[in-house]
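Single-structure report; data block below.
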């Protein structure tokens, strides 16, 4: 959480550095967003790209202040659980098809581990995903 708040502070600083005098609006391109929030300019950052895509509601590759502020609201303690679930779902729904396939979960797990500098074997990653699905299904079955 602290890392996220530090990242948010850096994004706000980046917004003010990228102030567009002509439009009178702070704007941040995806590369600046990724560098400020995730401390990397790695072009292969699936997780950072997904977060930026969800924040960039105008889909123009530049994050405006309003987009940033609205997107951050999902992390506020008063944001509803439904909003948080919706954001998380969209983050993992890589193909944007309304459901999350096992391969999408694996892609995000691998990307998240890579962002953390952790490289696990495919066997261990598959085991993690198997345990996730087993736990998920047991919760679904107990709720019905």
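In my numbering, the protein residues as written are 83 to 226. Note that CB positions come from ideal geometry on N, CA and C, so glycine has one too.
Give the straight-line distance between the Cα atoms of residue 201 and residue 116, rounded to the nearest whole angstrom.
One C-alpha to the other measures close to 21 Å.
Please state whether DSSP places residue 145 in a helix, a strand or coil.
Strand, per DSSP.
Under DSSP, the alpha helix (DSSP H) around residue 167 begins and ends at which residues?
163-174
Is it the case that the Cβ atoms of residue 109 and residue 143 are separated by a distance below 8 Å?
Against a cut-off of 8 Å, the Cβ pair of residue 143 and residue 109 comes out as no contact.
CB of residue 190 within 8 Å of CB of residue 137, strictly
No, they are not a contact pair.
Between which two residues does the alpha helix (DSSP H) containing residue 139 stretch?
It is not in any alpha helix (DSSP H) - residue 139 carries neither H nor E in the DSSP assignment.
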